[in-house]
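Working notes, structure below.
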Amino acid sequence: MADRTITLRLDGTDGPPPDRTYAIHVGRGTLAETGKVLAATGCQRAVVLADAAVVTPHATAVMTSLTQAGLATDLLTVPSGEASKSLTEAGRLWEALAQLGIDRQTSLVAVGGGVIGDLGGFLAAGFARGIPCWQVPTTLVAQVDSAIGGKTGINLAAGKNLVGAFWQPQGVIADIDTLATLPTREFTSGLAEVVKYGMILDAEFFAWLEANTAAIVAREPAAIEHLVQRSAELKAFVVERDERELTGLRACLNYGHTFAHAFETATGYGTLLHGEAVSLGMVAAAQLAATLGRITAETVTRQHTLLEHLGLPVTTNTLAAVADDTLLAIMGRDKKTEHGQLRFVLPDCIGHVELVEGIDPAAVTAAIVGVRST
Ligand code: NAD
Ligand code: GLY
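Quick note on numbering that gives the first Met the number 0: the sequence shown kicks off at 0 and runs consecutively.
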């Protein structure tokens with residue numbers, strides 16, 4: 000197995016035990032190793048929770064691997080799409096887990112994208128006051144971001160991810176071969192979070208992305224493997240140091256996201272994929288940083304060019320009917336707003352960002368101008 004293991008250490012030094020350190024296995028063909036990895040922890044029974052769209056071939060491969068390793072295995076499927084991150088679906092699945100008679104020694108194995116990972120983690124956090132959960136991400140978004148770090152949850156009518164729990168997985172098994180079946184638009188959207196890591200934490204990685212856009216767009220396995228491994232390492236670095244988003248470090252993962260959430264909300268969820276909105280959000284955030292004198296025009300251009308070369312949107316006509324005041328009002332309700340002041344994660348160079356407060360709304364509006372197209 001071409002596998003590189005990254006250790007995410009939560010060993011109690013950041014707070015009370017127990018040790019929540021776990022391995023993130025990134026490689027090719029790692030799905031087939033799922034059974035061995037779980038069996039090595041003493042696990043004897045697993046329930047696979049799978050996105051209905053990936054039962055064949057990915058969840059089936061996981062089931063086969065678990066069975067071959069001697070684990071008793073059940074399968075629960077979930078309809079694809081954000082609507083499954085609901086109280087109704089969580090209730091149905093908790094009842095199904097109870098019907099299967101699972102106990103605290105049974106592991107839940109979430110196979111799918113961020114929807115399944117968030118839902119599965121939340122189900123595991125709540126069932127029997129907590130059962131072990133394994134993340135087996137099959138989208139780029141999930142492999143580089145959502146499967147790592149323990150944020151789980153579901154949506155309410157009042158808002159996305161409003162109910163959830165921090166529930167770290169026992170481990171993450173990211174098989175980059177699963178990305179071969181991912182539609183191009185979903186794959187490209189995931190690249191926005193990858194560019195984000197370069198912008199917020201790692202100038203060298205950003206330069207590597209610039210130098211390898213052709214291989215990335217062509218989904219050359221060696222390039223994708225490196226890109227997922229480095230992103231996972233950077234996410235682990237952040238979560239180890241600020242698991243509960245208390246120091247501001249983890250909040251930096253929201254670079255571009257204040258704008259992005261406003262764009263997604265204003266255009267109606269689903270119009271823009273999340274990564275597409277993040278790409279546009281990073282364009283606006285970089286422009287805002289330049290207006291505030293934090294970065295040069297050259298830095299703005301470098302980010303813009305990389306996003307374009309990766310096939311991500313840098314302008315959109317979806318905001319044509321959306322007024323600036325509407326976007327500002329949505330941003331004012333953002334989780335990062337404090338005492339009514341707009342706060343943004345902004346770069347001061349490629350590879351470093353800061354949380355900036357007290358920004359003039361006029362500057363925010365001006366930063367969106369370049370994102371709008373007719
Ligand atoms: P998703 O789970 O909806 O997957 C996107 C689409 O790809 C779906 O239609 C799915 O059926 C399909 N799919 C999944 N794997 C596939 C494969 N290998 N081949 C073909 N099709 C496949 O969406 P996503 O983009 O993976 O994740 C978005 C979700 O993740 C959102 O709910 C978001 O809130 C959440 N999220 C959570 C975190 C976190 O830290 N917990 C971070 C980022 C995003
Ligand atoms: N995706 C943002 C976070 O995990 O904090």
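Note that CB positions come from ideal geometry on N, CA and C, so glycine has one too. These numbers were taken from a predicted model, which means no experiment stands behind them.
Endpoints, alpha helix (DSSP H) assigned at residue i
i       : result
Arg-240 : 220 to 240
Phe-121 : 113 to 125
Lys-150 : Where Lys-150 is concerned, there is no enclosing alpha helix (DSSP H), although the beta strand (DSSP E) it sits in stretches over 150 to 155.
Ile-358 : It is not in any alpha helix (DSSP H) - Ile-358 carries neither H nor E in the DSSP assignment.
Ile-23  : Note, Ile-23: premise wrong, no alpha helix (DSSP H); beta strand (DSSP E) at 21 to 27.
Ala-97  : 86 to 98
Asp-347 : First-last for Asp-347: 343 to 348, but that is the beta strand (DSSP E), not the alpha helix (DSSP H).
Thr-59  : 59 to 67
Leu-37  : 33 to 38
Inter-residue CB distance, residue i and residue j (contact presumed, cutoff 8 angstroms)
i       : j       : result
Thr-151 : Phe-121 : 4 angstroms
Phe-205 : Arg-229 : 11 angstroms between Cβ atoms; not a contact.
Ile-172 : Val-47  : In fact, because the Cβ distance is near 12 angstroms, the residues do not count as touching under 8 angstroms.
Ser-188 : Leu-96  : With a Cβ gap of about 31 angstroms, Ser-188 and Leu-96 do not count as contacting.
Thr-29  : Asp-174 : 4 angstroms
Val-216 : Gly-310 : 6 angstroms
Asp-144 : Glu-192 : 5 angstroms
Val-194 : Leu-305 : 6 angstroms
Arg-423 : Val-25  : The displayed coordinates of the chain run from 0 to 373. Any statement about residue 423 would go beyond what the structure contains.
Gly-255 : Val-237 : Between Val-237 and Gly-255 the Cβ distance is about 15 angstroms, and since that is not below 8 angstroms, they are no contact.
Glu-232 : Gly-149 : Contact doesn't hold; Cβ gap of about 16 angstroms is too wide.
Gly-395 : Pro-78  : Residue 395 lies beyond the range of the chain shown here (0 to 373); nothing can be said about it.
Thr-40  : Gln-169 : 7 angstroms
Thr-212 : Met-330 : In fact, because the Cβ distance is near 31 angstroms, the residues do not count as touching under 8 angstroms.
Classification of residue i by the beta-carbon crowding that lies within 10 angstroms, buried from 16 upward
i       : result
Glu-219 : exposed
Val-108 : buried
Leu-99  : exposed
Tyr-435 : What is shown of the chain runs 0 to 373, which leaves residue 435 out entirely.
Leu-380 : Any answer about residue 380 is impossible in this case: the structure gives the chain only from 0 up to 373.
Thr-300 : exposed
Asp-201 : buried
Thr-295 : exposed
Leu-86  : exposed
Val-368 : exposed
Tyr-268 : exposed
Pro-346 : buried
Glu-297 : exposed
Ala-265 : buried
Asp-10  : exposed
Ala-366 : buried
Leu-161 : exposed
Thr-183 : exposed
Gly-357 : exposed
Gln-302 : buried
Glu-224 : buried
Asp-18  : exposed
Closest residue to residue i among the options (Cα-Cα distance)
i       : options                               : result
Ile-147 : Ala-157, Gly-292, Cys-132 and Ala-365 : Cys-132
Thr-20  : Ile-5, Gly-158, Glu-94 and Gly-113    : Ile-5
Val-363 : Asp-347, Ile-349, Thr-325 and Ser-372 : Thr-325
Ala-49  : Ala-214, Val-25, Gly-26 and Leu-74    : Leu-74
Ala-45  : Ala-51, Val-53 and Ala-58             : Ala-58
Thr-373 : Thr-317, Thr-72 and Trp-207           : Thr-317
Leu-291 : Gln-134, Leu-245, Ala-214 and Val-344 : Val-344
Ile-130 : Leu-139, Leu-161 and Gln-104          : Gln-104
Arg-451 : Gln-302, Pro-136, Cys-42 and Phe-165  : Missing from the structure shown is residue 451; the chain here goes from 0 to 373 and no further.
Thr-72  : Ser-106, Ala-156, Val-114 and Arg-293 : Ser-106
Thr-66  : Ala-52, Cys-42, Ala-89 and Thr-76     : Cys-42
Met-198 : Gly-158, Val-53, Thr-264 and Gly-280  : Gly-280
Asn-154 : Ala-366, Leu-341, Glu-88 and Arg-3    : Glu-88
Lys-234 : Asp-176, Val-140, Ile-223 and Val-277 : Val-140
Ala-38  : Phe-126, Thr-246 and Gly-69           : Gly-69
His-260 : Leu-245, Ala-284 and Val-237          : Ala-284
Leu-248 : Ala-319, Pro-136, Glu-353 and Val-53  : Glu-353
Asp-102 : Asp-2, Ala-124, Ala-322 and Ser-64    : Ala-124
Trp-207 : Gly-26, Gly-350, Val-54 and Ser-278   : Gly-350
Gly-163 : Gly-119, Thr-314, His-303 and Asp-241 : Gly-119
Ala-320 : Ile-115, Phe-262 and Gln-169          : Phe-262
Asn-253 : Ala-222, Thr-33, Leu-327 and Arg-342  : Arg-342
Gln-134 : Thr-33, Ala-250, Cys-348 and Thr-257  : Thr-33
Leu-226 : Ala-210, Thr-246 and Glu-239          : Ala-210
Val-178 : Phe-126, Val-110 and Glu-239          : The question names Val, but residue 178 in the sequence shown is Leu. It is Val-110 whose Cα lies nearest to the Cα of Leu-178.
Start-to-end residues for the beta strand (DSSP E) that takes in residue i
i       : result
Pro-131 : Neither: Pro-131 is in no beta strand (DSSP E) and is coded neither H nor E.
Asp-323 : Per DSSP, Asp-323 belongs to no beta strand (DSSP E); it is in the alpha helix (DSSP H), 323 to 331.
Arg-44  : 44 to 50
Leu-75  : 71 to 77
Give the list of continuous alpha helix (DSSP H) stretches no shorter than 4 residues that lie fully inside the stretch 252 to 321.
Whole alpha helix (DSSP H) segments, 4+ residues: 256 to 266, 273 to 290 and 296 to 308.
Taking only runs of the beta strand (DSSP E) that begin and end inside the stretch 162 to 227, which ones reach a length of at least 3 residues, in chain order?
Listed in chain order, they are 170 to 174.
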